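Some notes on the structure that comes next.
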Amino acid sequence: MMVRCFLTTFDNPYSPYEQFEQWYQYDTDHGYNSSGLLMRLAHTSSQFTDNENAYEIEKAIDQIVAADPLNVYKKLKIEIKDDPALAESA
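Written as structure tokens, this is what we have:
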């Protein structure tokens, strides 16, 4: 099991992990553009491992939540089962 963090808003009823399309539609319809905001602030790289990128994403989410004066954003931590296919290819 691994823990992954996601940025969402308090009013979005959808899960960014399990219902991404609906979550994204709600997010953009309400003008949040959470994915774009996270993309601008997270220092990810194709040279990083998945865990290093996850750490950078979590740092950016923490920064967004801490600097949110309207208390719109929140951080979700979701436990995700390891994908055996990925383990075999590594």
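Residue numbering for the sequence shown follows the working numbering, beginning at 338 and increasing consecutively. Where a beta carbon is used, it is the ideal one built from N, C-alpha and C, also for glycine. Quick caveat: nothing in here was measured; it's all calculated off a predicted structure.
Measuring CB to CB, does residue i end up less than 8 Å from residue j?
i: N370; j: W360; result: no
i: M338; j: D419; result: yes
Which residues in the same chain have their Cβ closer than 6 Å to the Cβ of residue i, if we skip the five residues on either side of it in sequence?
i: K396; result: none
i: P353; result: F343, T345, W360
Mark residue i as exposed unless 16 or more other C-beta atoms lie within 10 angstroms of its C-beta, in which case mark it buried.
i: I398; result: buried
i: L375; result: buried
i: I401; result: buried
i: S426; result: Residue confidence for S426 is low, a pLDDT of 48 falling below 50, so the modelled location carries little weight; the figure read from the coordinates is stated next. With fewer than 16 other Cβ atoms within 10 Å, it is exposed.
Excluding the 5 residues preceding and the 5 following residue i in the sequence, name in chain order all residues of the same chain whose CB lies nearer than 7 Å to its CB.
i: T381; result: N390, E393, I394
i: F347; result: V409, K411
i: L407; result: none
Can you give me the Cβ contacts of residue i inside the same chain, cut-off strictly under 8 Å, excluding the 5 residues immediately before and after it?
i: Y363; result: N349, P350, Y351
i: G368; result: none
i: L378; result: A397, Q400, I401
i: F293; result: Lying outside 338 to 427, the shown extent of the chain, residue 293 is not represented and no answer is given.
Indicate whether at least one CB of chain C lies closer than 8 Å to the CB of residue i.
i: E358; result: No chain C is part of this structure, which consists of one protein chain only.
Q) Does the stretch 339-352 touch the stretch 397-413, meaning 3 or more C-beta pairs lie closer than 8 Å? A) yes
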